[in-house]
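A.B. asks: The listed protein sequences correspond, in order, to chains A, B, C, D, E and F.
So the first sequence is residues 1 to 192, counted in this note's numbering.
So the second sequence is residues 1 to 183, counted in this note's numbering.
So the third sequence is residues 1 to 561, counted in this note's numbering.
So the fourth sequence is residues 1 to 337, counted in this note's numbering.
So the fifth sequence is residues 1 to 208, counted in this note's numbering.
So the sixth sequence is residues 1 to 230, counted in this note's numbering.
Pasting a structure below so you can have a look.
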Amino acid sequence: MPFDYLLVLVGAALVNNVVLTRILGLCPFMGVSRKLTSSVGMALATAFVLTLASGASWLIEQALQAWQLTYLRTLAFIVTIAAMVQFTELFIHATSPALYQVLGIYLPLITTNCAVLGIPLLNAQAQHGFVESLLFGLGSALGFSLVLILFAAVRERQEGADTPLAFKGTPLALITAGLMSLAFMGFTGMAR
Amino acid sequence: MLQALAAMGGLAVLLGALLGVAALRLRVAANPLVDRIDALLPQTQCAQCGYPGCRPYAEAIAAGEAQINQCPPGGDEGIRRLAGLLGQEFIPLNRAHGEAKPKRLAVIDERVCIGCTLCIQACPVDAIVGAARQMHTVIASECTGCELCVAPCPVDCIEMVAPGETPASWRWRYPVIPLKVSA
Amino acid sequence: MSRILHPFHGGIRPPEHKRHSNGSRIGSLPLPSQLVLSLRQHIGQPARPIVVPGDTVLKGQTLAVPEGRISSALHAPTSGRIVAIEPRSVPHPSGLTELCVVLVPDGQERWVERMPFDWRTAGIEAVAQQLCAMGVVGLGGAGFPTHLKLGSGRGIETLVINGAECEPYITCDDRLMRERAADLVAGIQILRTLLRAQTVLVGVEDNKPEAIEALQLACGGADIEVVALPTRYPSGGAKQLIRLLTGLEVPAGTRATELGVQCFNVGTVYALYRALEHGEPLISRIVTLTGAVARPGNVEALLGTPLDALMQHAGADDGVEGYLYGGPMMGFALPSLAAGLTKSGNCIVAKSPALFPPAPPPMPCIRCGDCAQVCPAELQPMDLYWFARARQFDRARERHLFDCIECGACAYVCPSHIPLVDYYRHAKAELWAADAAGQAADLARRRHQARQRRLEAAQQARAERRSPHAAPVPAVTSPAPVVLPPPQTDAPAPLDEKQARIAAALARAAARRDGAGQPPAAASAQPVADEAQPVADEKQARIEAAMARAAQRRAAQESRR
Amino acid sequence: MRTSPFLSAATPLQRVMLKVLAALLPGIALQVWLFGIGVLAQLALASVAALATEALCLKLRGYPVRRFVSDGSALVCAWLLALSLPPLAPWWLAVLGSMFAIALGKQVYGGLGQNTFNPAMVGFVVLIVSFPAQMSHWAAPLAAGPAYLDASAQLAHIFGGVLPHGIGFDALASATPLDAARTAVRQGLPGPDGMLGGTSAWLALGWLVGGLFLLQQRLIPWQLPCGFLGALAVLAALFHWADPAAHAGALFHLGSGAALLGAFFIVTDPVTAPTTARGRIIYAASAGALTYLIRAFGNFPDGVAFAVLIMNMATPLLDQLTQPPVFGRKAGRAGRS
Amino acid sequence: MSTTAAGVRGALTLLAFALAATALLAGVWDLTRERAARSAHAARLALLAQVLPAHDNDPARDAWPLPAPQARRLGHAGPVPVYPARRNGTVVALALEVVAPDGYAGPIRLLVGVGRDGALLGVRVLAHRETPGLGDYIDAARSPWSSQFAGRTLGEPPEDGWAIRQDGGVFDATAGASVTPRAVVAALRRTLLVVRDHHAAWFAGRAS
Amino acid sequence: MSDARAIMHDGLWRQNAGLVQLLGLCPVLVISSNVVNAVSLGLATCAVMMLSGMAVASLRRWIPQTLRVPIFMLIIATLVTVVDLLFSAYAHGLYRVLGIFIPLITTNCIVLARAEVFASRQPVARAALDGAAMGAGLTAVLAVLGALRELAAQGTLLSGIDLVFGAAARGWVIQVTPADAHYQFLLAALPPGAFFGLAFLIAGKSAWDRRIARRTGPAPLATVPDGAGG
Ligand SMILES: Cc1cc2nc3c(=O)[nH]c(=O)nc-3n(C[C@H](O)[C@H](O)[C@H](O)COP(=O)(O)O)c2cc1C
Ligand SMILES: Cc1cc2nc3c(=O)[nH]c(=O)nc-3n(C[C@H](O)[C@H](O)[C@H](O)COP(=O)(O)O)c2cc1C
Ligand SMILES: Cc1cc2nc3c(=O)[nH]c(=O)nc-3n(C[C@H](O)[C@H](O)[C@H](O)COP(=O)(O)O)c2cc1C
Ligand SMILES: Cc1cc2nc3c(=O)[nH]c(=O)nc-3n(C[C@H](O)[C@H](O)[C@H](O)CO)c2cc1C
Ligand code: SF4
Ligand code: SF4
Ligand code: SF4
Ligand code: SF4
Ligand code: FES
């Protein structure tokens, strides 16, 4: 059993990486990766919310299924997530001003990270149990954090390169992301 | 239908109450970003950016109303620093606001100056001394080179001159290695 | 007995080329026809001249006194007449000119009165003052004023004497140690007493066995350890030498004294000895003339000796395509030979294509890591280069750019032949400039804010005055606390009134000009002209022309609106 | 103006690349002996395509073509790509792969020294993902193969896609040891017996000779090949020990596929590997471990290329996190007062 | 405004919007529910029609669950439906969902139609993860490979012919990608065996 | 009406969501493997953006500042679910292909961004136009990328059109490379191909913009806000 859980975790983090394999959460991936420090902040904040959202949405999904209201799924999930993001912001602000300083401006951006909605939806689609949902969320969050931070470090270095003018900035970042995604295809088959 | 309304209504009441309370508790702190942006601006106060000084421009950037490439005295290096602070992409200086050029200092031609004090009123950093009807002088170490004193002078006696280079002020140049043959 | 050495990381072994010049005794040069003495022969503020053109001076007479804390004096290397104090070219990579004292020797070599200094009884501060007055600065390359290295008498543990002379080609310290070992040891003893050092270590690279032998002989029973160092550039770097001999690492930005160590170049010690025991200021130094020359060797040359005189003496070949001031690793290419020798000029190398084949064109860095392998500062030179090239200077600073000692080992091994040190120098210069600009900006911000506050206060005061309920206002003509510039003192004048006043001012100026025909008082600061009238005319003309220009400009502006 | 130092004692870049090419020769010779002239055809195709692409890109970017094309890095890239292609692969595979390697892997990033990913492996991965069929058609080694193709028949197949009458490719094809091992294990058949993987072990020896030459010439740091091979061998041994039936042993893994070629020529690409000693160890060991995991549990028979690319993206971060302490700034070292 | 008042106000505003949104959604859902269910049903039928002969019933509605033990033989963990095709009340064919667990990159899900005479009627791949361009030719959308099974029974080919050519059988397989077809062929053969074992009951329209 | 033209120009080119703002990337990259899917999702997004723009613009008076984001999300999610329900009822085949990317329009950053930046400050008509223009810009990018990828990957155009228009449309598929050549280049169909394709589109746009800029000289002087400079 623990091994299965590990598989879920690793599977979500590496084999089916949210960003590089599932292609979710690209906007923050492209937008908050110009600086290593800000990417670390974004990674932490997203990881927290993503895990939390996976757990909370499992509860909501149970209720919706019980009342046969699954067509309200998107609505209920997103409202909860939006509220949760704001509440997280408040909570961090109250408990740790230092952390808030680091994460502050990234928190609101999380609401529109489609991974935060996508992972709960995938959880619901795959009928994951509670622990599985949570681990799937956590694994995805770890995967997101990992590639975001690596990508930011890569982009920081590329800033100094003699990139052809037309490719400087976003196009080169996209090509790098594409090659990263290509590299991650090496993981295919290593978990369900 | 009723069930749906009840479920979503319940959720909404719960979350709405939470956020309503949260909104009140959230203090709106002064924007520390402005200070950090202002610290990166050259403080020439020349208004070429389209704002009446560096701080107003900093406020505009922080509010997302102005681009980071409007300050000619800061030049590309200044834009790079701003881009770094704000996590944005570097963009070259907007030429519409002027060209980046080496810093120059105002020098008053003392043979022509009539002591009208107009330049004193124009100087944003009080770098010009002299009383009415007396000849005026620029304190070189405090002049930012903003050129604001040039226009008001009725006798056109203020000139912007580039300070001469000495071995002490000389800087190692960027090693030019002609890699590219054409642009 | 041999000391346990603590090898530093990295380093290189370039071909030594010392044999060219270390075979013969230190020679001397006939008096040149002119000496060009830069006022900045050391790190810090330039010295302030106290002679004027036309003065005759004695040998050793003070020409310029220190200005500010980090500075040192300058003396006449020989007796003669000061013919000019003017910008002349100096040995500097920029090729720019700088204020120099030009002295024409009279050939008589008349000394000022020389007096040994009683350094034993004088306090360390007095000794330091004396060294400063004698113009003793570091001769190891940097030219840091030596008196500042004595500290405040707290004393140190280990005194390190730098005889490593690790750079290729240079042999001046070698010859000095061989030929003047006794004086050198006497100097070392003075320093040890002054600094109250327990241990004295003299580091000499083992490619100079004669110098080691001579020193050991001269030390006799004295408790001075002459340590043979493995030949490895840059063992002569002060930090590397200290690490080699003591195992201590001096972090960047820290002074060695804080760790109880101090390091002096052998030439410096010798100069210090001459200054204290013989009362001779620093007026000459040993300089290696080598490279593509007919008669390579060392000469003791007067400061200010034109470099082309030195090269003529050594017999520069026809094929020479340039000269290096200092060694090939850390020196720079001389833009011209017209400059005079300075205190830090330890070597002049004549370059020929045979000795210095042209570097192949640089290629991109492939991050092979060779440079990191040889960097004695244990930096990652390729990263510094990457950031410096991309002008991300702050990142370079984060990666400890300022720990780089510019030894050039990295560039020496770079397979892509990148002039790495050039990039570091550029990055450092830009960072210094940026720091200065930042300080200037802070100043400007403060002054601007002060002005804003003042203007606001003035406006408020005006508003209060205008309001009918306000208390009667004293007839203020200078309201708010006036700081430096008297601001516009009068109440805000309507535009036309202002114009009227300007007109009045113009009229006044005209009247003044017409009336007395005297230049305004302030103009006396200008280079004095002989006749007043043309000046007045000229001024009139200028003002008219300027006004025309101004009018034109305003018209242009108007039409644009 | 050029300043100090005025001396240099470096092996010029071009010479470095030439030495790398020279180090590949023993392995190439063995591969030609084992697989025939097709190997040389692939080398030639890849070289021409890579040089042409490089020249075109340089021209478009306005760089001096002659100087940069002659630096040799494109050739190294092309050769490494060609050596990982099936020797009888159709001609366009090598050409397309080289074009992707140079254009997308290198020049888009700014050319030599600026790329994030190993160009040769970019080309290889593009090919294996796009054309898995053609990329997994390895003909059996000539010495052991059931059918023999002479030189002209090999070339005819590469350039024309035709085989001599009566011979189907199935007759020529043989699963490489890695592929055979995984296929067997997946179907519950006994895996390899832990011995060296047949003929490819000879090849490994060829790469080893070249690699030792590079080490001796100090062109590659020891941390990279050692870390890579060490991690690969340790993991293989561990799994083999735990379940000998399902997992081949360390020697098998070292001797098959691209393990040694990768360890000495691919993991060692200076541009895309970290520069610090600690970073290099972490990088190479992780790449070795990933190679093993992909071989043992992934869908691709060999994992070298993917492992290298995955670790390439960690290089900048590793470089940053493993900065060695600077002179005088070492914690615990005398000198901090 | 006090904290509680703010809370109440916020709650009410959100409530109003949420209720309006829910009402709208519920309305639209009500309007489209029928149609969506019909669309889904039609899609299902269309798929079944690809592996079943002409029939006059609704196989999806008539489906019955295959109990776990038999489902396990077809590669499932839990019960799955069996879809009968009837003509005039008699079951003429069955459609089953089958899992081939040993594909190259994981399990392959198939929909298999079996006639009353024990012959394969059609094979469709529902889901697979085989290498695109190499192992995915089993998909009818990519190649006609799967059509070679139509009409095959347990006796035709004989037992040792139920394998791919490379292994001495009769079925084609692309060179260089034999793992995938091997898995499919084995799964099909297992399916036929299971159907033979329950032929009587299933074709009588009983669960077992 | 130059105002409308400016809005259209912004949406389609100058502030294009996919090429310039880089928002809403996930669907762009995943769903663009063929033209039909790409355009379908693009149009769905377009519809949602237009409707949400209108809704936000008309309701903005009743939306308190602090609850802005949750309420915008509520509105958007509702509209998206409506679209989702409609797809499931009337275009079931497409509904299955697009999968979770229809609900994910909800978090498509560009939708919220336009609601926040534009619709919440503008009259209804302009908000609708802006939503439509932005959506059209996104759809255009999706269409071009979809066409490029489909061509490169399998040498066809409009494959899968039957999912929208029924089996009769099967004949509309354009076979660019001969069918019997079995042309395929899988990379283009996979996510990395999408990244590369978008990168080249953006690089092309930036090169194009630069060329235009070179031809027409430097940008006109930016307008200085009133009262500045005093
Ligand atoms: C790379 C490098 C090499 C140096 N080599 C020598 C040398 O060989 N001999 C020497 O006396 N000083 C050398 N120096 C200068 C010393 O670091 C140091 O400044 C000098 O020994 C201090 O003595 P001084 O103040 O008496 O000149 C070198 C400096 C550097 C950075
Ligand atoms: C990056 C790289 C990847 C390779 N991938 C494979 C592979 O997937 N399958 C393979 O059989 N050979 C691969 N090779 C080739 C092997 O190095 C070796 O030449 C081949 O396995 C020897 O064939 P044999 O095992 O049939 O003797 C690869 C080579 C390189 C450099
Ligand atoms: C990247 C890659 C993907 C592969 N994918 C498949 C696959 O999906 N299905 C398959 O049967 N074989 C696949 N193979 C080939 C198998 O590894 C194995 O070599 C092949 O099935 C043996 O078949 P053969 O006996 O016809 O040569 C793949 C090989 C590689 C290198
Ligand atoms: C030791 C060594 C190994 C190299 N390995 C590779 C390699 O694996 N792949 C490659 O494309 N280029 C390789 N190169 C060539 C070159 O470094 C490479 O093309 C750069 O990545 C291009 O920027 C190698 C060069 C050297 C010196
Ligand atoms: S242009 Fe730059 S220096 Fe001038 S006022 Fe604006 S911000 Fe300050
Ligand atoms: S003196 Fe003139 S140029 Fe200098 S700061 Fe004042 S107004 Fe600007
Ligand atoms: S030695 Fe030269 S090429 Fe090698 S890493 Fe250092 S700078 Fe780069
Ligand atoms: S010049 Fe600087 S970076 Fe280069 S080796 Fe010397 S200390 Fe290191
Ligand atoms: S669309 Fe996925 S994060 Fe923006």
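Where is the CB? At the ideal position from N, CA and C, for every residue including glycine.
1. Would you decide whether F165/F is buried or exposed? Buried here means 16 or more other CB atoms lie within 10 Å of its CB.
2. What did DSSP end up calling I330/C once you bin it into helix, strand or coil?
3. Going by DSSP, name the residue or residues bridged to T97/C.
4. For chain C, is any of its Cβ atoms less than 8 Å away from the one on E132/A?
5. With A292/C and A350/C assumed to form a contact (beta carbons below 8 Å), what rounded beta-carbon distance in angstroms separates them?
6. Could you name the residues of chain E that Q175/F contacts, counting a contact when the two beta carbons are closer than 9 Å?
7. Taking C-beta pairs closer than 7 Å, name the residues in chain B that Y423/C reaches, listed in chain order.
8. A271/C and L289/C: beta carbons closer than 8 Å?
9. Pull up the DSSP beta-bridge partners for N298/C, would you.
10. Does F165/F have its Cβ less than 8 Å from a Cβ in chain D?
11. Whose C-alpha, out of P103/F, R61/F, L67/F, is nearest the C-alpha of I76/F?
12. Could you give the residue range of the beta strand (DSSP E) that holds Y83/E?
13. Mind checking if S73/D is an interface residue toward chain F, Cβ cutoff 8 Å exclusive?
14. Identify whether V234/D lies in helix, strand or coil by the three-state DSSP scheme.
15. At the level of alpha carbons, what is the spacing between N346/C and L29/C?
16. So if DSSP puts Y233/C in a beta bridge, which residue, or which two residues, is it bridged to?
17. May I have all residues whose beta carbon comes closer than 7 Å to any heavy atom of ligand 5, sorted in chain order?
18. Count the other CB atoms, across all protein chains shown, that sit within 10 Å of the CB of R513/C; report buried if there are 16 or more and exposed otherwise.
19. With 7 Å as the C-beta to C-beta threshold (strictly closer), list the residues of the region 2-17 of chain D near chain C in chain order.
20. In chain C, which residues lie less than 7 Å from P124/B when you measure between Cβ atoms?
21. Can I405/C be considered in contact with ligand 8, in the sense that its beta carbon sits closer than 7 Å to one or more heavy atoms?
22. Of the residues that make up the region 40-61 of chain F, which ones have a beta carbon closer than 7 Å to any beta carbon in chain E?
23. Whether or not the region 191-199 of chain C and the region 138-153 of chain B are in contact is what I'm after, with contact meaning three or more pairs of Cβ atoms, one per stretch, closer than 8 Å; do they touch?
24. Could you list the residues in the region 70-90 of chain A with a C-beta less than 9 Å from some C-beta on chain B, going in chain order?
25. Closest to R278/D by C-alpha separation, out of W222/D, A201/D, P164/D, F213/D, would be which residue?
26. If you measure between the beta carbons of I156/C and V261/C, is that distance less than 8 Å?
27. For R9/E, return the contacting residues in chain B, with the cut-off set at a CB-CB distance below 9 Å.
28. For chain E, find out if any of its Cβ atoms is closer than 8 Å to the Cβ of A133/D; answer yes or no.
C.D. replies: To lay it out plainly:
1. Per the 10 Å Cβ criterion, exposed.
2. Before going further, note that residue 330/C is Met rather than Ile in the sequence given. Correct three-state label for M330/C: coil.
3. Here T97/C is bridged, per DSSP, to S89/C.
4. With 8 Å as the cut-off, E132/A does not count as an interface residue toward chain C.
5. That pair is a contact at about 4 Å.
6. The contact set of Q175/F on chain E, defined by CB atoms closer than 9 Å, is empty, because the minimum CB distance reaches about 15 Å.
7. Those are P175, listed as they occur along chain B.
8. Against a cut-off of 8 Å, the Cβ pair of L289/C and A271/C comes out as no contact.
9. Note: N298/C sits in a beta bridge opposite T288/C.
10. False, the Cβ-Cβ gap to chain D never drops below 8 Å.
11. The closest CA to that of I76/F, considering only P103/F, R61/F, L67/F, is found on P103/F.
12. Residues 80-87.
13. It does not; no Cβ of chain F falls within 8 Å.
14. Helix at V234/D.
15. The straight-line gap from Cα to Cα measures roughly 16 Å.
16. DSSP, once it has assigned bridges, lists I12/C as partnering Y233/C.
17. Listed by position along the chain, the residues with Cβ atoms less than 7 Å from a non-hydrogen atom of ligand 5 are L41/B, P42/B, Q43/B, T44/B, Q45/B, C46/B, A47/B, Q48/B, C49/B, Y51/B, G53/B, C54/B, Y57/B, Q70/B, C71/B, P72/B, P73/B, G74/B, H97/B, C146/B.
18. Here the model assigns R513/C a pLDDT of 46, short of 50, so the residue's position is not dependable and the matter cannot be decided.
19. For the region 2-17 of chain D, which is checked against every Cβ of chain C, the residues closer than 7 Å are R2, T3, S4, P5, F6, L7, S8, A9, A10, T11, P12, L13, V16.
20. For P124/B, the C-beta contacts it makes with chain C under 7 Å involve H448, R451, in order along the chain.
21. Remark: the C-beta of I405/C is in contact range of ligand 8, defined as less than 7 Å to any heavy atom.
22. For the region 40-61 of chain F, the set of positions with a beta-carbon nearer than 7 Å to some beta-carbon of chain E is empty.
23. Judged by pairs of C-beta atoms under 8 Å, the region 138-153 of chain B does not touch the region 191-199 of chain C, as fewer than three such pairs exist.
24. If the cut-off is 9 Å between Cβ atoms, the region 70-90 of chain A has Y71, L72, L75, A76, V79, T80, A82, A83, M84, Q86, F87, E89, L90 near chain B.
25. Here the closest residue by C-alpha is W222/D.
26. Yes, Cβ-Cβ distance for I156/C and V261/C is below 8 Å.
27. In chain order: G16, G20.
28. Cβ-Cβ to chain E under 8 Å: yes for A133/D.
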